[in-house]
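*Asks:* Chains as they are written, first to last, in my numbering: chain V, 1 to 463; chain P, 1001 to 1335.
1) Residue 1322 of chain P CB to nearest chain V CB: under 7 Å?
2) Against chain V, with Cβ distances strictly below 7 Å, would residue 1117 of chain P count as a contact?
3) Step through the CB atoms of chain P and report whether any lies within less than 7 Å of the CB of residue 67 of chain V.
4) Hey, quick one: how far does the beta strand (DSSP E) through residue 162 of chain V stretch, first residue to last?
5) Let me know the secondary structure DSSP gives residue 197 of chain V once reduced to three states.
6) Give the straight-line distance between the Cα atoms of residue 300 of chain V and residue 290 of chain V, rounded to the nearest whole angstrom.
7) With DSSP as the reference, label residue 353 of chain V as helix, strand or coil.
8) What is the DSSP secondary structure of residue 281 of chain V, counted as helix, strand or coil?
9) Return the CA-CA distance between residue 1093 of chain P and residue 1138 of chain P, expressed in angstroms with no decimal places.
10) Since residue 1318 of chain P meets chain V, which of its residues come closer than 7 Å, beta carbon to beta carbon?
11) Leaving out five residues before and five after residue 1073 of chain P in sequence, what residues of the same chain have Cβ atoms less than 6 Å from its Cβ?
12) With a threshold of 7 Å on Cβ separation, who are the neighbours of residue 1132 of chain P within its own chain once the five nearest residues in sequence on each side are excluded?
13) Would residue 307 of chain V be called buried (16 or more neighbouring beta carbons within 10 Å of its own) or exposed?
14) Starting from the beta carbon of residue 1340 of chain P, find every residue of chain V whose beta carbon is closer than 9 Å, and list them in chain order.
15) What is the DSSP secondary structure of residue 297 of chain V, counted as helix, strand or coil?
16) Quick check: is the beta carbon of residue 203 of chain V nearer than 7 Å to any beta carbon in chain P?
17) So with CB distances below 7 Å, who are the chain A contacts of residue 1059 of chain P?
18) If you run the structure through DSSP and keep just helix, strand and coil, what is residue 218 of chain V?
19) For the alpha helix (DSSP H) holding residue 34 of chain V, just list the boundary residues, first then last.
20) Run the CB neighbour count on residue 166 of chain V, radius 10 Å, all protein chains shown included, and call it buried at 16 or more, exposed below.
21) What did DSSP end up calling residue 208 of chain V once you bin it into helix, strand or coil?
22) At a Cβ cut of 7 Å, what residues of the region 74–92 of chain V count as close to chain P, listed as they run along the chain?
23) To the nearest angstrom, how far is it from the Cα of residue 79 of chain V to the Cα of residue 42 of chain V?
24) In terms of residues, what are the limits of the beta strand (DSSP E) holding residue 167 of chain V?
25) So with CB distances below 9 Å, who are the chain P contacts of residue 119 of chain V?
26) DSSP state of residue 1309 of chain P, grouped into three classes?
27) Between which two residues does the alpha helix (DSSP H) harbouring residue 62 of chain V extend?
28) Given a cut-off of 7 Å, decide if residue 357 of chain V and residue 195 of chain V are closer than it, judged by their beta-carbon atoms.
29) Taking buried to mean at least 16 other C-beta atoms within 10 Å of its own C-beta, is residue 1068 of chain P buried or exposed?
30) Less than 8 Å between the CB atoms is what I'm expecting for residue 1035 of chain P and residue 1050 of chain P, so what's the real figure, rounded?
31) Give me whichever residues DSSP pairs with residue 271 of chain V in a beta bridge.
32) Measure the alpha-carbon distance for residue 1118 of chain P versus residue 1204 of chain P and round it to whole angstroms.
33) Let me confirm a value: residue 45 of chain V is counted as buried when at least 16 other C-beta atoms fall within 10 Å, else exposed. Which label applies?
34) Would you mind sorting residue 1114 of chain P into buried or exposed? The rule is 16 or more other CB atoms within 10 Å of its CB.
35) My understanding is that residue 16 of chain V touches residue 419 of chain V, with C-beta atoms under 8 Å, so please give their C-beta distance in whole angstroms.
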C-alpha cells in the first residue's frame, strides 16, 4: 500500500465515483424529454401504443434517477472528504454554482418525480404532464449548473485572487465562461444520443425476440430517427468544441492528437502508440496535413505541439485513445443510424434486416462508452491543474492516508460493480416484460374515488 | 457585487438555514429510515405497504441532506473540509448505506421475485447503517472529534440513540399512514421506542455538559438557565403526554393518528434547539466559529438571493407533495 500515493488513490476514487454517477444523468436528462414526447403523443393521438412506451420507459427513468440521486449524494461529500483544498481555494465561485444546482434543480426533480411516478391517478392529466415536463426541465437545469462549474474549472474567468483565495468579480462571465456553451451543448446531445441508442437497442432486442407489439415498433422507429437527426449535429458541435479547446487549452488538443512538435502541415494520426518518455510516437499511421486541415482549416496551418508545454501538459496516451474511442463510436453511430433511418423511411420498419437489429442491440450502451471516453479526454486533459492556472490537483488533496482511501475505494468499486450489473439485468427484465411489467396498480387511490381505468403509471416499490 | 445587508449577519443567516435543513432532514428522512428499519418486523404484503407509505417522499426527504451539507460546503468551505476529513470513515459507510438503501426501493420492485429478499435485506441494513453512522457522527461532532475512550463510547451511545429516535419517528409515521392490525402494531413500536428515545435524549443531555466545560457553562448559569428550562420541561411533558396518548386505542375514523408524528417532530426540534444553543456560534467546538469559516460576503449574498426565492417554493411544493399523497397507504394489487 505504501507504493500507492494517496493523491493517485483519491483521484481514482473521484474518477470512479463521478464515472458511475454520470452514467445515470446521461440517461435521465434526455429520457425525461423522451417521456414528455411519449406523453404528448399520447395526449394528441390517444393511441395506447404511446402509453405502453411511456409505462415501460418511465420505469427505466425511475431506476436511473434513483441511481443518479444516490451516487450524486456521494459527490457532494467527496469535496470535503478528499479534496478540502478545492473549496478552500475556489469555494467562492464553486459554492454558489453548486448551491444553485441544488436549490433550482435538485428539489424540483425530486418532488415532481413523486407526482410523475405515483400521481397519475391523483392529479388531473395536465398536472401529470406538467410534472413530467418539470422533471425533464429539472434534470437539464441540473446539467446547466454543473457544466457551468466544470467549464469554469477548464477556462476560468471573472475572478480575482485576494490573499490566495479566489473571489468572484463577474458572475455572468463565470457562468457563461468561454468553454461552457460548447461543453453544455455537446453533453446534452451526448445524452440524447445515449438515450436514442438505449431505446433503439432495447427495442431491437425485444423486436428480435417476439416482435414486441406496436409500442416497441413505435419506439424503435422514433429512436433510430432521433439518432439519425442528432448525430450529424453532434459531430458538428464536437468539432466546434475542439476548436474552442484549441484556443483556450492548446496543450489538451496537442495530447489528443499526440502531436509533439509545433509545426505546419501537422498530420492527422489515425493510429500510434504515444511514448511519453521518448516524447515520440511508435507505429504511427497518419494522414499528411490532416490535423492542420481539421484544426486550422488550411494545410499549412501551425498546430501547437506538446514540447511547448513540457512539464505542464496532461498524460498523452489516455487522451489520445479516449478521443479516438469517442470519435470512432460517433462515426459508427452515424453509419448505423443513417442506414436504419433510410431503410425505415423507404421500406418500413418490418423490412429492417435481423443483422441490423443485432447491431443495434450491440450498440445499446455505446452512448455510455462514448460519453465516458469524452469526459476522460476533457478531465484528464485539464491535468495537472484542477482549476486551470489557479489550483493544481496535488495542492487540493486532503490529509487522509493511503490505507483509508484504498479501503473506501475498494468498497465503492465493489458496490458499483454489483449495482451496475443489477441495473443492466433489470433493464433487460423490464424490456422483456414490456407493458406486462409489474405496474398498473393503485398506489394511493384518491379518497372517495373508485379505482378505475386511469391506473397509475408506476408502482415503484412493489413487485 | 456589494453585500446588501451587514456582512456580520450573513454567516448567522446561513448557519440558521443550514440548521433548518438538517433539522428537516432528520425529521423527514428520519421517518423513512425508521420505516426502513421496521420493515424487518413484517413480511410480504405488510412490508410492501410500509415501503409504499414512504415511496413518493424519500427522494425529496434525502434532498434536505444534500442541501444541508451543500450549505456547509458553500457557506463554510473551511469547516466542510475539516469536519468531513475528521469523519472520513463514518461518512463513507453512510454513503454506501444510503446508496444501497436508495436503489433497493427500485430494485426490490423490479428485480426478479426470487431476488427480492436480497434487496429487502439491503434496504434494512442500508437504513440501519445510515442511522448508526449519522448518530456516531453527531456524537463525534458534539465532542469536537475527541478520540479518547470515553468520547468513543459517547459516540456509540449517540449512534444507538439516533437509531431509537428514527425508529420512533418511523413508527409514528406508520401510525399516521396505515390502518388495522399493522397500525396497532405500529402503536406498540411507537410506545417502546418512545421510551428508548427519551432515555437516549436524557443521557446525551446529561453527558454533553459533563464532557464539555464550555457547554456546561452555557447552560448552568443565571439568568440563562431560567430561560432554558422550558426546553427540558416541554420535552418531558411531551414524552409523558404522548405515552399516555398511545396507551388509549385510537379514535374513531383515525382522526388523531397524526398526533404522534407531530409530537415526534416537535421533540426532535426541541433536541435540535438544545444542541444548537450549546454550539452557537461555533461550527467546530471551541475551534472555529461561523465568521472564521464563512465564504466571502459577495458569494454568500449571491447564494442568499437565490435561497430567499427558492426555499419558500421548495417548502411549498414539499407540502404540496405530502398533500397530494395524503391519506392512508393502501395494499397494492394487480388490476
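Built from N, CA and C at the ideal position, the CB exists for glycine as well. As the structure is a prediction and not an experimental result, all values here were calculated from the model.
*Replies:* In short, the structure shows the following:
1) The beta carbon of residue 1322 of chain P does not come within 7 Å of any beta carbon belonging to chain V, so the residue lies off that interface.
2) no
3) yes
4) 159–162
5) DSSP, reduced to helix, strand and coil, places residue 197 of chain V within a helical segment of the structure shown.
6) 10 Å
7) coil
8) strand
9) 15 Å
10) Neighbours of residue 1318 of chain P on chain V, chain order: 111.
11) 1080
12) 1159 and 1163
13) exposed
14) This structure does not reach residue 1340 of chain P, given that chain P is present from 1001 up to 1335, and the question cannot be answered.
15) coil
16) no
17) The chain labelled as chain A is not found among the protein chains of the depicted structure, namely V and P.
18) helix
19) 6–45
20) buried
21) Residue 208 of chain V: helix per DSSP, three-state reduction.
22) 74, 76, 77, 79, 80, 81, 84, 87, 88, 91 and 92
23) 44 Å
24) 165–168
25) Chain P residues near residue 119 of chain V: 1056, 1321, 1324 and 1325.
26) helix
27) 48–82
28) no
29) Counting C-beta atoms within 10 angstroms of its own C-beta, residue 1068 of chain P has 16 or more neighbours from the protein chains shown and is therefore classed as buried.
30) 5 Å
31) V/285
32) 35 Å
33) exposed
34) So residue 1114 of chain P counts as exposed.
35) About 12 Å separates the two Cβ atoms, so there is no contact after all.
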